[in-house]
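Colleague: My structure is below; once you've seen it, I'll send some questions.
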Amino acid sequence: NRNRPQFGDDEEYEHAKKNLNRYGKIRTLSKSEWEATSLYLVCAFQKCKNTWDANGKPVYEFDD
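The numbering used here applies: residue 19 is where the sequence shown begins, and numbers increase by one.
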């Protein structure tokens, strides 16, 4: 079925179903996908100091 979610169970998309009648068509992520994306963004945008070791490989130091 074309309208079935590609990933996750139906309850993963409850937030989208609530708005479906209002907008007619919704493209969104499941709750699990949103959580994973949020976690990634929190880590990806932390301030970090990068330097290089003796072999030229990057060394990342995160501020706590």
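Ideal Cβ positions, reconstructed from N, Cα and C, are used throughout, including at glycine. Keep in mind the model is a prediction, meaning the values are calculated, not measured.
Going straight from the alpha carbon of A62 to that of F80, what length do you get?
Modeller: By 1-based counting over the sequence shown, the position of residue 62 is 44. By 1-based counting over the sequence shown, the position of residue 80 is 62. Each residue's Cα considered, the two are about 11 Å apart.
Colleague: Classify N37 as helix, strand or coil using the three-state DSSP reduction.
Modeller: Taking the sequence shown and counting its residues from 1, the one referred to as residue 37 is at position 19. It is helical.
Colleague: For T46, does the three-state DSSP call read helix, strand or coil?
Modeller: For this step, residue 46 is matched to residue 28 along the sequence shown. The answer is coil: DSSP assigns T46 none of H, G, I, E or B.
Colleague: Are V60 and N68 close, meaning C-beta to C-beta below 9 Å?
Modeller: Counted from its first residue, the sequence shown places residue 60 at position 42. Counted from its first residue, the sequence shown places residue 68 at position 50. Cβ atoms of V60 and N68: not closer than 9 Å.
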